[in-house]
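Going by full-length UniProt numbering, the residue at position 627 of the sequence shown is 627; the numbering climbs one at a time, nothing skipped. We put the beta carbon where it would ideally sit given N, CA and C, even for glycine. What follows is one structure encoded as structure tokens, with my remarks underneath.
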Amino acid sequence: MRRLLPLIGTPASHPGGRSALTCRFRCGDACFQEVPNTSANQYVGDVIAGALSRRSMMRAAAVVTVAAGAGTAAVARAPQAQAQAATGTPYAAQPTAQPTAQSTSSRRGARGLRFTPVAPNTTDAVVTPDGYRQNVVIRWGEPILRGAPAFDPENQTAEAQAGQFGYNNDFLALLPLPGERGRQLLVANHEYTDEILMFRGYDAASPTRRQVEVAWAAHGLSAVVVEEDRGTGRLTAVTRHHLNRRVTATTEFRLTGPAAGSALLRTSADPTGRKVLGTLNNCSGGTTPWGTTLHGEENFNQYFANGSRPTDTRYGIGTGATERKWERFDRRFDIAQEPNEVHRFGYVVEFDPYDPASTPRKHTALGRFKHEAATVRLTDDGRPVVYTGDDERFDYFYKFVGSKRMRHGTSRSAREHNLSLLDEGTLYVAKLTGDSPATDIDGSGKLPGDGEFDGGGSWIPLATATAGGAVSHVEGMTAEEVFVFTRLAGDKVGATKMDRPEDIQPSPHTGKVYVALTNNSNRGKTGYAPADEANPRNANKHGHILELTERHSRPESLTFGWSLFLVAGDPADSSTYFAGFPKDRVSPISCPDNVAFDPHGNLWISTDGNQLGSHDGLFGVATRGDRRGELKQFLTVPTGAETCGPIVQDRRVLVAVQHPGEVDGASVEKPASTWPDGPGKIVRPAVVAVWRADGCDIGI
Ligand code: FEO
Ligand code: CA
Ligand code: CA
Ligand code: CA
Numbered sequence: 001m002r003r004l005l006p007l008i009g010t011p012a013s014h015p016g017g018r019s020a021l022t023c024r025f026r027c028g029d030a031c032f033q034e035v036p037n038t039s040a041n042q043y044v045g046d047v048i049a050g051a052l053s054r055r056s057m058m059r060a061a062a063v064v065t066v067a068a069g070a071g072t073a074a075v076a077r078a079p080q081a082q083a084q085a086a087t088g089t090p091y092a093a094q095p096t097a098q099p100t101a102q103s104t105s106s107r108r109g110a111r112g113l114r115f116t117p118v119a120p121n122t123t124d125a126v127v128t129p130d131g132y133r134q135n136v137v138i139r140w141g142e143p144i145l146r147g148a149p150a151f152d153p154e155n156q157t158a159e160a161q162a163g164q165f166g167y168n169n170d171f172l173a174l175l176p177l178p179g180e181r182g183r184q185l186l187v188a189n190h191e192y193t194d195e196i197l198m199f200r201g202y203d204a205a206s207p208t209r210r211q212v213e214v215a216w217a218a219h220g221l222s223a224v225v226v227e228e229d230r231g232t233g234r235l236t237a238v239t240r241h242h243l244n245r246r247v248t249a250t251t252e253f254r255l256t257g258p259a260a261g262s263a264l265l266r267t268s269a270d271p272t273g274r275k276v277l278g279t280l281n282n283c284s285g286g287t288t289p290w291g292t293t294l295h296g297e298e299n300f301n302q303y304f305a306n307g308s309r310p311t312d313t314r315y316g317i318g319t320g321a322t323e324r325k326w327e328r329f330d331r332r333f334d335i336a337q338e339p340n341e342v343h344r345f346g347y348v349v350e351f352d353p354y355d356p357a358s359t360p361r362k363h364t365a366l367g368r369f370k371h372e373a374a375t376v377r378l379t380d381d382g383r384p385v386v387y388t389g390d391d392e393r394f395d396y397f398y399k400f401v402g403s404k405r406m407r408h409g410t411s412r413s414a415r416e417h418n419l420s421l422l423d424e425g426t427l428y429v430a431k432l433t434g435d436s437p438a439t440d441i442d443g444s445g446k447l448p449g450d451g452e453f454d455g456g457g458s459w460i461p462l463a464t465a466t467a468g469g470a471v472s473h474v475e476g477m478t479a480e481e482v483f484v485f486t487r488l489a490g491d492k493v494g495a496t497k498m499d500r501p502e503d504i505q506p507s508p509h510t511g512k513v514y515v516a517l518t519n520n521s522n523r524g525k526t527g528y529a530p531a532d533e534a535n536p537r538n539a540n541k542h543g544h545i546l547e548l549t550e551r552h553s554r555p556e557s558l559t560f561g562w563s564l565f566l567v568a569g570d571p572a573d574s575s576t577y578f579a580g581f582p583k584d585r586v587s588p589i590s591c592p593d594n595v596a597f598d599p600h601g602n603l604w605i606s607t608d609g610n611q612l613g614s615h616d617g618l619f620g621v622a623t624r625g626d627r628r629g630e631l632k633q634f635l636t637v638p639t640g641a642e643t644c645g646p647i648v649q650d651r652r653v654l655v656a657v658q659h660p661g662e663v664d665g666a667s668v669e670k671p672a673s674t675w676p677d678g679p680g681k682i683v684r685p686a687v688v689a690v691w692r693a694d695g696c697d698i699g700i
């Protein structure tokens, strides 16, 4: 409820804990649209129930608005009271779940997690455990290319923005820079723009060409070299390094793989179907073993106007104008004028940060949907396996198994070969079954009789791409259709409808794969899929994390076992589960989103849309040993922000603070946050580094 500050009083009741402003700009109000997956696949009574669900959603909205009023008081507490919340009881803000003895034992924990957990709070700052320090590495608008001007938010231009760090940093990768001591190469996604917080006096009904072009230049990716300050963990950007680069909504990309050149991808500007301008809504991503980065194009639907085809509907593309009105300034964003342009977004992007002249690629072999992220591991014989989730309520998660082996080395030919690895292979979608009787799953989150939400699953092949062509495994769809309309292929083969698959991360230590499922307010509502063993709570507000074990621990296996590792929420809530760890010794967590591993094998989880009244945060949890399931909050982010892009190294934690100040009713004139630069300065998304004041390793 924390984002519902009484600034203008916009009614706010958005599922999943986000502010209305975030929903509007980030995902095009995805949670207020009908769920795009209306396939009969495990559904009952879609059409009638769809109308009912809209009414019940509106009733729910009325309830939440009342709760928002109560939340306002909490947010408006004096800074002193907030500080107490931030430093008080370690595990919970409410005096329900934590005997005080824990504050003394809380520094103990699994190796890598020995810190006093940060209590839930609503402080407009990045709050870290005692003994840790932080700095802002880079902010929106800081110049990174030669010739780029200093940030001037009152007079921002597209040309300036194209040389500066973009808006709303999300995924982060840190890559080695051999030969440059103390330096690393940071790659960041810029998922989306929030024009109300970027432009003074922004008029949403009639954005100007200047504003629209700034927004195009603020999307995309940044590569920027960062340098560590010896003696502290401080990290600062090296401006004008030759590897620094910006990719924007107008940068040239190559479409590669089985659908490249297809009639479905040809437009009037590109009759080859192989060249596309820009990348949009890059959410999370991954780093490949061959030294490139992957970036998921997520809510691309919201940028395209006048959708009309069933395929548009399945991707949540609206029938009218868009929020940002880009279609007024470039006809390619108007489906009525350029029907295939939208088919050229929704892919996994591959970027070679070591070659500033390279043309980034969009890989059609990994399918087209709202890719949250893409994480790669290798088979024993060196072929890539990529996990990627489709972040939509009741949508699916996928795996791609490549058929070509990675080459080692950094020669030009090796790099060129490796850049083609994701063009040939088979795309699969996940189907899960529980091992407990269906009557044991009552939608409350109560554990079934065998004591675990668990079962088995299979990877169902959708299509295979080879050097000579592509073969569909889905009846009634060509291979090209499978790769471009992948959601429909998943529908046809009966994939399992999940509670918003977000980031997926295999453990480098155990090979087990962790799938974050952020929430699904519609689970179990009339007309929607009911709870099942893999998604066991109806109206799932807080999300869960699934642990998947590939058969024989081989990434390319076609079957797997799974269990729920974490069922999120306030530990005092009986529906939560922390891998069996005592619930009076864990931090509350809500809406898991991005996941990453630290060098010790602990899973780190960032959240998006905390539904427990606290700011979003970053958490670490042991996945092995007798502390498995012991979850501890490491930091919280400022008002309105989401925690993204966590990277946990031995001595440093990096997070992307995305959309700070994005609170309903906020604007440049009425900011809801003063982070990171204090009162009177425009709020700016930024990357933050955290380290230990004594120079020791994180959590040791
Ligand atoms: Fe961009 Fe699925 O969060
Ligand atoms: Ca995300
Ligand atoms: Ca079971
Ligand atoms: Ca998310």
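Check this for me: beta carbons of residue i and residue j, under 7 Å apart or not?
i           : j    : result
K399        : Y387 : yes
P599        : V586 : no
F300        : G346 : yes
F394        : K497 : yes
H615        : T22  : no
G112        : G695 : no
R361        : T256 : yes
H295        : N306 : no
L264        : V484 : yes
I460        : V482 : no
V683        : G665 : no
residue 725 : T643 : Nothing can be reported for residue 725, as the shown portion of the chain is limited to 1 through 700.
D503        : V429 : no
T364        : P258 : yes
L421        : G409 : no
K632        : G620 : yes
For residue i, verify whether its CB is less than 6 Å away from any heavy atom of ligand 1.
i    : result
C283 : yes
E297 : no
E372 : yes
D380 : no
D352 : no
E180 : no
V391 : Here the sequence assigns Asp to residue 391, which means Val is not the residue at that position. Under cutoff, so the answer is yes.
E502 : yes
For residue i, is the beta carbon positioned less than 6 Å from some heavy atom of ligand 2?
i    : result
D616 : no
D593 : yes
In the DSSP assignment, find the alpha helix (DSSP H) that holds residue i and state where it starts and stops.
i    : result
T486 : 486-492
C23  : 20-26
V688 : From DSSP, V688 is part of no alpha helix (DSSP H) but of the beta strand (DSSP E) over 686-692.
E252 : Here E252 belongs to no alpha helix (DSSP H); instead the beta strand (DSSP E) covers 252-256.
A529 : Run containing A529: none; DSSP gives neither H nor E here.
T311 : 310-314
N418 : 412-418
W216 : 209-218
7 Å is my cut-off, CB to CB: does residue i come that close to chain B?
i    : result
L612 : The chain labelled as chain B is not found in the depicted structure, where only one protein chain is given.
Could you give the residue range of the beta strand (DSSP E) that holds residue i?
i    : result
E195 : Where E195 is concerned, there is no enclosing beta strand (DSSP E), although the alpha helix (DSSP H) it sits in stretches over 195-198.
D170 : 169-176
E475 : It is not in any beta strand (DSSP E) - E475 carries neither H nor E in the DSSP assignment.
For review: beta carbons within less than 5 Å of any heavy atom in ligand 3 = D435, S436, P448, D450, E452, D454
ask   = Just checking, does the segment 144-163 make contact with the segment 211-223 on the three C-beta pairs under 8 Å criterion?
value = yes
query = Is the number of C-beta pairs between the segment 193-208 and the segment 231-239 that are closer than 8 Å three or more?
reply = no
ask   = Looking at C-beta atoms only, is the number of pairs between the segment 348-366 and the segment 313-333 that lie closer than 8 Å three or more?
value = no
query = How about the segment 634-650 and the segment 669-678: do they share at least three Cβ pairs that are nearer than 8 Å?
reply = yes
query = On the three-pair Cβ rule with 8 Å, is the segment 377-386 touching the segment 446-463?
reply = no
inquiry  = Using 8 Å as the cut-off, can you tell me whether the segment 526-544 makes contact with the segment 429-441, which would need three or more C-beta pairs spanning the two stretches below that distance?
reply    = yes
contact_flag[the segment 163-181, the segment 286-293] where n(CB pairs < 8 Å) is 3 or more = yes
query = Just checking, does the segment 545-562 make contact with the segment 511-526 on the three C-beta pairs under 8 Å criterion?
reply = yes
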